[in-house]
Amino acid sequence: MKERNVVKIAEGVYWVGVRDWNRKIFDALIPLPKGTSYNAYLVIGKSGKALIDTVNPGFEKDLEDKIRALANIEDIDYVVMNHAEPDHAGAIPYIMKVASRAKLVATARGAKMAQIYYRVPQERIKVVADNEAISLGDKTLRFIEAPMLHWPETMFTYLEEDGILFPCDFFGSHLAEGVYSDEVEDLLVHAKRYWGEIMMPFRTMAQKALEKIAKLNIKVIAPSHGPIHRRPELILDAYKRWAAGETKPKAAIVYVSMWSSTEAMVKQMAEALASEGVEVALHNLIVTDVGDLVEDLVDSRAIVLGAPTVLGGAHPLAIYAAYLFKALRPPTKFAAVLSSYGWGGGAVRQIQDMLKDLKVEVVDALEINGPPTDEDMKRVVDIGKALAKRIFEAGG
Ligand code: FEO
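Numbering-wise, our numbering comes out as the position in the sequence shown, counting from 1, plus 3.
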């Protein structure tokens with residue numbers, strides 16, 4: 004796809020962001036197979052100019068050049084900081100220095116973060132309250148507090164006259180390619196993966212924000228990662244489902260195996276669930292992409308965790324997975340645990356303890372010694388049938 008330097012998304016409204024094709028990991032945790040973008044937007048009104056969000060450190064000059072292609076950067080009146088995380092706010096010190104008369108616009112919490120992170124002096128910060136607006140003459144920017152999406156200070160900016168919502172991380176996707184989301188074939192896959200990684204732990208706050216923006220006449224959603232939604236219904240509908248915690252008759256089977264015994268059990272479980280009509284996603288923790296796993300957690304009604312005992316406890320990769328479940332708070336309702344040990348058990352008990360925090364019903368657990376016998380495999384099938392029954396009984 005041909006890269007466009009700046010993109011006009013409405014009269015006087017321009018994408019001036021950058022594409023980070025080479026970024027391969029985010030938060031030192033989540034792989035980015037398709038890079039990402041840091042979207043910033045320039046809004047030029049009859050009596051004022053505003054930059055909405057900035058870019059990741061290292062791209063300051065690119066941002067400056069893009070702004071200069073459209074306007075005098077020195078004339079910018081407002082730099083809107085929807086979110087203080089450095090991928091969007093990291094260029095604030097650079098921009099505030101060049102745009103020397105600009106005020107930084109942020110929530111009260113954002114203002115504190117701007118002082119701590121970016122050393123913006125208090126007198127250059129304009130704190131805005133929920134629903135407060137700034138006029139650029141013929142363009143009005145209204146600010147909507149949206150805490151925890153993705154940090155406590157986050158807000159959305161709504162450009163009233165053009166019906167454009169700038170929600171920063173919300174509605175984003177980690178994709179370097181594509182200007183508009185309808186040009187990207189598998190957009191919802193990337194958006195879902197991103198939801199699972201960034202927004203899923205904050206589903207309640209997401210629902211509140213969706214209610215808040217429901218009354219707006221949104222024509223375009225311009226997030227700060229990935230493509231712009233000029234047909235916003237698709238992403239809005241998906242977000243409503245994900246925020247509500249809708250699940251499918253689906254199980255994410257996540258496992259690690261040392262000598263193939265646990266693996267034999269989880270594969271038998273996969274067959275049993277599939278034969279009962281449950282959609283199955285199998286993830287071997289040795290090779291799986293954590294982003295793919297997280298994407299499957301968004302709508303799985305059940306998790307099956309398979310782990311051998313090693314040195315008296317569950318394999319460390321299974322501990323990692325259980326911790327990830329706890330941190331990301333997927334809407335999963337049921338779980339099962341499968342384990343094989345060589346000379347001493349304990350993995351199942353440890354994993355069950357960890358899953359308590361997830362508030363799932365552990366339908367059953369099986370711990371065996373060594374490779375599974377025919378009888379063991381039959382027990383796995385029985386657990387699979389019981390799990391499938393609970394999955395279908397519970398519904399979405
Ligand atoms: Fe894209 Fe929370 O920063």
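Glycine included, C-beta positions come from ideal geometry on N, C-alpha and C.
It should be emphasised that the depicted structure is a prediction, and the values quoted were computed from it without experimental measurement.
query	result
Neighbour-count burial assignment, P334, 16 or more Cβ in a 10 Å radius	buried
DSSP state of E6 mapped onto helix, strand, coil	Any reading at E6 must be qualified, since the residue scores a pLDDT of 46, below 50, and its modelled position is unreliable; the value itself is stated next. In the structure shown, E6 sits in coil (DSSP, three-state: anything other than H, G, I, E or B).
Beta carbon of E148 nearer than 7 Å to that of D133	yes
Beta-carbon spacing of T39, H177 below 7 Å	yes
Alpha carbon of L239 to alpha carbon of Y197, nearest angstrom	14 Å
T326 to S138 span [Cα, whole Å]	Correcting the residue identity first, residue 326 is Tyr in this sequence and not Thr. Their Cα atoms are separated by approximately 46 Å.
Exposure label - D78; buried when at least 16 CB within 10 Å	exposed
Element boundaries [alpha helix (DSSP H), containing V82]	Premise fails: V82 lies in the beta strand (DSSP E), Y81 to V83, not in any alpha helix (DSSP H).
Run of the alpha helix (DSSP H) containing R71, from where it starts to where it stops	E63 to R71
Test item: CB-CB of H3 and D68 under 7 Å	Only positions 4 to 399 of the chain appear in this structure, which leaves residue 3 out of reach.
8 Å contact criterion, which V130 and A105 should meet: CB distance rounded	Actually they do not touch by this definition, with Cβ atoms about 15 Å apart.
Any residue whose CB is nearer than 5 Å to a heavy atom belonging to the ligand COA, listed in chain order	The ligand COA is not among the ligands present in this structure, which contains only the ligand FEO.
Among L219, V21 and K27, the one whose alpha carbon lies nearest that of E63	V21
Among W262, G345, G373 and G315, nearest to I354 - alpha-carbon criterion	G315
Residue from V365, T265 and V269 with nearest C-alpha to Y344	T265
DSSP-derived helix/strand/coil call for W18	strand
Entirely enclosed beta strand (DSSP E) segments - the segment 243 to 271, minimum 3 residues	251 to 258
Rounded Cβ spacing between F273 and V283 (contact assumed at less than 8 Å)	Correcting the residue identity first, residue 273 is Ala in this sequence and not Phe. About 5 Å separates the two Cβ atoms, so the contact holds.
Chain-order list of residues whose beta-carbon lies under 6 Å from that of M4 (same chain, five-residue window excluded)	At M4 the pLDDT is 36, less than 50, meaning the model places this residue with poor confidence; the figure from the coordinates comes in the next sentence. Excluding positions up to five away in sequence, the list reads E180.
Those residues which DSSP pairs with V313 across a bridge	G316
Buried versus exposed call for G373 [16 or more other C-beta atoms within 10 Å across all chains shown]	exposed
K195 - containing alpha helix (DSSP H), residue span	L190 to Y197
For R145 and I224, the rounded distance between their alpha carbons	14 Å
Helix, strand or coil at I221 according to DSSP, with G and I counted as helix	coil
Cutoff 6 Å; reference E249; Cβ partners in own chain excluding five residues on either side	G399
Touching by the beta-carbon criterion (3+ pairs, under 8 Å), the segment 11 to 21 and the segment 39 to 52	yes
Rounded C-alpha distance that separates E6 from V182	Confidence at E6 is low in this model, with a pLDDT of 46, below 50, so the placement of that residue is unreliable and no value is reported for it.
Candidates R304, G140 and L361, of which the one nearest F328 by Cα	L361
Beta carbon of D377 nearer than 7 Å to that of I371	no
Neighbourhood of V383 by C-beta distance below 8 Å, restricted to the same chain and skipping five residues each side	M268, Q271, M272, A275, L341, L369 and P375
Cα-Cα separation between V363 and A310, rounded to whole angstroms	18 Å
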